[in-house]
Every structure is written in C-alpha cells, then in structure tokens.
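Under the working numbering, think of the first position of the sequence shown as 162, with each following residue one higher.
Note that the Cβ used here is the ideal one computed from N, Cα and C, for glycine as well.
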Amino acid sequence: MLFRFGSIGSRDIAIDLGTANTLVYVPGQGVVIDEPSVVAIETAGGSRHVRAVGSEAKVLIGKTPEHIQTCRPLTDGVINNLEIAEEMIKHFIQKAIGVQGMLSRGPEVVICVPSGATSVERRAIRAAAFNAGGREVWLIEEPMAAAIGAGLPVAEPIGSMVVDIGGGTTEVGIISMKCLTYGTSARVGGHKMDEAITAYVRRKYNLQIGEGTAERIKVEIGSAVVTPESHLIVGHASGQDVAKGVPHEISVSQAEIVEALREPISQIVQIVESALEHAKPEIAADVIDRGITMTGGGSLLRNIDKVIADETGLPVRLAEAPLICVALGAGRVLEDPAYRESLCTA
Ligand SMILES: Nc1ncnc2c1ncn2[C@@H]1O[C@H](COP(=O)(O)OP(=O)(O)O)[C@@H](O)[C@H]1O
Ligand SMILES: [Mg+2]
C-alpha cells in the first residue's frame with residue numbers, strides 16, 4: 162500500500178514539514194502526500210515503537226488506551242522530539258518514493274524548515290532525511306518557499322511580504338532578491354486557536370471538548386471578526402460536562418467563537434505589525450504598494466485577511482492554495498537547480 166508512487170517519474174522530493182501537516186511533492190506528479198504531522202507510539206514490554214503515522218495516527222488522538230500515545234513531533238515549529246520526528250520524516254519519504262526508490266540512487270530532498278528552527282534542529286532534520294535514504298538534502302526557509310509557492314517575485318529587487326499561519330506557528334517573511342531580509346516566527350497559529358475555543362467552552366459552558374471538536378468548530382463557523390450574521394451562525398459541540406461528568410452537547414454561535422479567538426488573532430496581528438516596523442524603508446514602500454500575501458491553513462479562517470488589512474492599512478491577498486503553497490514553492494526549488502543553489506543551504 163505504501164509504495165505505489167515509487168514506480169513513476171522522478172524520485173526526488175520536496176517536503177513541507179509542517180507543525181500540523183506534512184506534504185510531499187514529487188516533480189511531474191505534484192503533491193503526493195498530505196497528512197497530519199502526528200505519530201502514535203506504542204509502549205510494549207519496556208520498548209517503544211511507532212504504531213501509526215499521519216492520518217492513521219490523527220484519528221487516534223484522544224482515543225488511545227494508556228500504552229499508546231499520540232504526539233505532534235513539531236508542535237511549536239521546533240522539534241520537541243527528535244527521535245519521533247525522524248521516524249515521521251522517514252515514513253513519509255519512504256511512502257512517497259517507495260522501496261525501489263530507496264534502493265536505487267536515493268532521492269534529492271528539499272525540506273522546508275521553520276525560520277525559528279535552531280541549528281541543532283536543522284542538523285536533526287537533515288540527518289533524518291539522510292537516514293531515510295536521501296542522497297542530497299537541501300534546507301529552505303519556510304517563508305521563502307511560501308512566497309515562491311504564492312507566485313511572489315522573490316528574485317527581483319522588490320519587497321514581498323508573506324504571512325504564513327500554520328498549526329503551531331505564524332511565520333512572517335519579507336523577501337527581496339532571493340533573500341529573506343526579515344523573518345520571524347511566533348508560537349501562535351491554528352492550534353492556539355483550537356485551545357482558545359476549548360478554554361472558552363469550558364469557562365462558559367462547563368464543557369470539556371476534545372482537540373478535534375475545537376478544530377472542527379473553528380473550521381465550520383470560526384471567524385476573526387463579528388459580522389451582522391454572526392449571532393445566527395451556530396455550530397454544535399459535544400463533550401463532557403465538567404461538573405456532572407456526563408456527555409453533553411451545546412450550541413455555540415460564530416459571535417462567541419470570535420470572542421474566544423480574540424487573543425490568538427491579536428497576537429498574529431502584532432507579529433505582522435512588528436515585521437512591518439523592522440522592514441527597511443524602500444522595502445516597506447514596496448510592501449505598502451503591493452500588500453501582504455497570506456498562506457497556511459490558518460489564513461483560511463474567515464475574515465482574518467480583513468482584520469490584518471484593517472489593522473495595518475495595507476492590502477491583503479490570500480494565496481491561491483494556502484494549504485499547499487509551501488510544498489509547491491519547495492517543489493519549484495527542487496526542479497530548478499539555479500534556485501536550489503541560491504536559496505537553500507546544502
Ligand atoms: N478553513 C479553515 N479555517 C480555519 N483554520 C483552518 C482551516 N483549514 C485549516 N485550518 C487550520 O490550519 C492549520 C494547519 O495549517 P498548515 O498550513 O497545514 O499548518 P502547518 O504548516 O503548521 O502544518 C490547522 O490548525 C487547521 O485547523
Ligand atoms: Mg506550514
């Protein structure tokens with residue numbers, strides 16, 4: 162089941178190693194893997210082994226017996242468990258290129274790293290790709306890949322600003338002439354939004370909901386601002402009544418979710434404002450003219466583009482395919498040796 166992609170086309174791959182989702186791009190085929198960055202670990206007889214990775218592991222979250230634990234090895238954009246991260250990277254590489262691919266010459270691999278990754282983490286990511294059979298491994302900064310995937314003119318002497326809201330982090334990059342002239346990463350994104358919804362529902366309704374329920378509510382009815390319809394848009398959440406200890410369901414409106422999300426949204430706005438303050442004058446002038454491009458799953462939250470536009474006074478555009486932008490950008494870099502030499506660290 163794992164190896165069906167291995168027989169066709171090039172075996173080189175580009176990987177978007179995200180805190181929420183890992184995507185693998187193969188030239189000529191596009192995105193062949195798009196799965197949650199989740200690993201389920203089973204402890205048996207004193208030893209630990211990987212029970213499931215990706216989609217198969219995500220469905221287990223909150224439902225496992227004690228000897229199985231699910232984890233996100235990249236929770237905050239930093240690797241919180243090197244060993245498990247390595248297992249996950251290996252799994253996805255092998256799934257993308259198959260055993261035949263591993264046995265032949267080994268793939269060239271381009272991997273996006275969060276701009277906040279330390280040198281130790283970068284070494285670990287590189288080592289994982291080598292251990293998984295990579296022949297050559299190139300690292301590229303995630304905001305750079307996002308900007309390329311969004312079609313921004315990264316090679317020109319024009320300032321382009323990209324805001325990528327992922328699961329664990331929000332990354333902001335300002336790029337000109339193939340350089341990240343300013344890059345920053347903060348530990349706020351889709352997961353913090355889910356936590357904010359969980360905390361709100363618990364506080365207001367005495368109901369403990371799971372991570373998956375909070376995320377579903379966010380995607381179904383979440384918004385960054387209240388609109389005239391917000392009181393009429395309603396979602397349902399089931400969980401456990403904290404006081405009575407019994408299952409219970411509540412209705413919650415979009416207006417309430419806007420209130421719940423206030424803190425993470427304001428943190429995201431602050432990161433964008435601080436990046437604008439750090440931009441050099443000529444580059445800032447370009448950003449004022451050309452606006453901000455948003456990528457990442459978090460940018461799909463309703464009206465988050467409007468909030469950022471209102472707060473900064475700049476035009477804001479959502480990339481065409483926010484969830485796969487980084488993988489497409491990394492793929493472009495993989496396919497173009499000139500890009501690879503100038504944008505990556507080997
Ligand atoms: N329609 C949506 N509305 C709000 N959030 C969304 C939507 N779709 C996805 N997300 C959120 O986007 C995040 C994942 O985005 P992604 O760019 O894949 O993150 P990462 O790059 O960190 O893996 C998750 O927190 C997910 O809940
Ligand atoms: Mg990402």
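{"Asked": "Would G310 and V487 qualify as a contact pair, given that the criterion is a beta-carbon distance under 7 Å?", "Found": "yes"}
{"Asked": "Between G223, L479 and T454, which lies nearest to V199 when the distance is taken from Cα to Cα?", "Found": "G223"}
{"Asked": "Check whether chain D comes within 7 Å of I336, counting only Cβ atoms and requiring the distance to be less than that.", "Found": "No chain D is part of this structure, which consists of one protein chain only."}
{"Asked": "Within the present structure, is the beta-carbon of V349 separated from the nearest heavy atom of ligand 2 by less than 6 Å?", "Found": "no"}
{"Asked": "Helix, strand or coil: how does DSSP classify I229 here?", "Found": "strand"}
{"Asked": "Per the contact definition of three or more C-beta pairs closer than 8 Å, is the stretch 488-503 in contact with the stretch 359-374?", "Found": "no"}
{"Asked": "What is the chain-ordered set of residues for which the beta carbon lies under 5 Å from any non-hydrogen atom of ligand 3?", "Found": "For ligand 3, the structure offers nothing, since it holds only ligand 1 and ligand 2."}
{"Asked": "Pick from M249, A246 and T204: whose alpha carbon is nearest that of H228?", "Found": "T204"}
{"Asked": "Less than 8 Å between C-beta atoms, sequence neighbours within five positions excluded: which residues of the same chain meet that for T342?", "Found": "G320, I335, I336, A440, K441 and I444"}
{"Asked": "For P314, tell me which candidate among P304, G329, W299 and M338 has the shortest Cα-Cα distance.", "Found": "M338"}
{"Asked": "Taking Cβ to Cβ, would you say D375 is nearer than 7 Å to L462?", "Found": "The sequence given here has Ala at residue 375, not Asp. No, they are not a contact pair."}
{"Asked": "May I ask you to report which of helix, strand or coil DSSP gives T183?", "Found": "strand"}
{"Asked": "Just how far apart, CA to CA, sit A308 and A480?", "Found": "9 Å"}
{"Asked": "Taking the alpha-carbon of G327 as reference, which of R501, D497, A482 and G457 has the nearest alpha-carbon?", "Found": "G457"}
{"Asked": "Quick one: give me the first and last residue of the alpha helix (DSSP H) that M550 is part of.", "Found": "Beyond the ends of the chain as shown, which are 162 and 507, falls residue 550; an answer cannot be given."}
{"Asked": "To the nearest angstrom, report how far apart S391 and S276 are at their CA atoms.", "Found": "36 Å"}
{"Asked": "Quick one: grab the DSSP three-state call for H409.", "Found": "strand"}
{"Asked": "With the cut-off set at 7 Å, would you say I124 and I426 are in Cβ contact?", "Found": "The structure shown has nothing for residue 124, since the chain only spans 162 to 507."}
{"Asked": "If you drop the 5 nearest sequence neighbours on each side, which residues of the same chain put their C-beta closer than 6 Å to that of I169?", "Found": "Residue placement at I169 is flagged as unreliable, the pLDDT there being 43, under the threshold of 50; the coordinate-derived value follows with that caveat. Hits under 6 Å: none found."}
{"Asked": "Put G400 into one of helix, strand or coil per three-state DSSP.", "Found": "strand"}
{"Asked": "Is the stretch 239-254 touching the stretch 210-221, taking contact as three or more C-beta pairs under 8 Å?", "Found": "yes"}
{"Asked": "Taking 6 Å as the cut-off, is the CB of V192 close to at least one heavy atom of ligand 2?", "Found": "no"}
{"Asked": "How long is the line joining the alpha carbons of A365 and R451, rounded to whole angstroms?", "Found": "Here residue 365 turns out to be Lys, not Ala, going by the sequence shown. Whole-angstrom Cα-Cα distance: 42 Å."}
{"Asked": "Leaving aside the five residues before and after K353 along the sequence, list all residues of the same chain whose C-beta is less than 7 Å from its C-beta, in chain order.", "Found": "P425"}
{"Asked": "Does any heavy atom of ligand 2 sit closer than 6 Å to the C-beta of V271?", "Found": "no"}
{"Asked": "Using 8 Å as the Cβ pair cut-off and three pairs as the minimum, do the stretch 468-479 and the stretch 497-506 touch?", "Found": "no"}
{"Asked": "Check the DSSP bridge columns for D177 and list the partner residues they point to.", "Found": "L184 and C273"}
{"Asked": "Just how far apart, CA to CA, sit D325 and L221?", "Found": "27 Å"}
{"Asked": "Go through its chain and collect everything with a Cβ distance to L163's Cβ below 6 Å, but skip five positions before and after it.", "Found": "With a pLDDT of only 40 at L163, under 50, the local geometry of the prediction cannot be trusted, and no value is derived from it."}
{"Asked": "Would you be able to state if there are at least three C-beta pairs under 8 Å between the stretch 231-251 and the stretch 274-289?", "Found": "yes"}
{"Asked": "To the nearest angstrom, how far is it from the Cα of I485 to the Cα of K467?", "Found": "22 Å"}
{"Asked": "Report the CB separation of D173 from E269 in whole angstroms; it is logged as a contact under 8 Å.", "Found": "4 Å"}
{"Asked": "In terms of alpha-carbon separation, which member of A218, V413, V380 and E317 lies closest to S460?", "Found": "V380"}
{"Asked": "Determine which residues share a DSSP beta bridge with P197 and list them.", "Found": "N182"}
{"Asked": "Where DSSP assigns a beta bridge to Q369, which residues make up the other side?", "Found": "Q401"}
{"Asked": "Around the C-beta of G206, are 16 or more other C-beta atoms found within 10 angstroms, so that it is buried, or is it exposed?", "Found": "exposed"}
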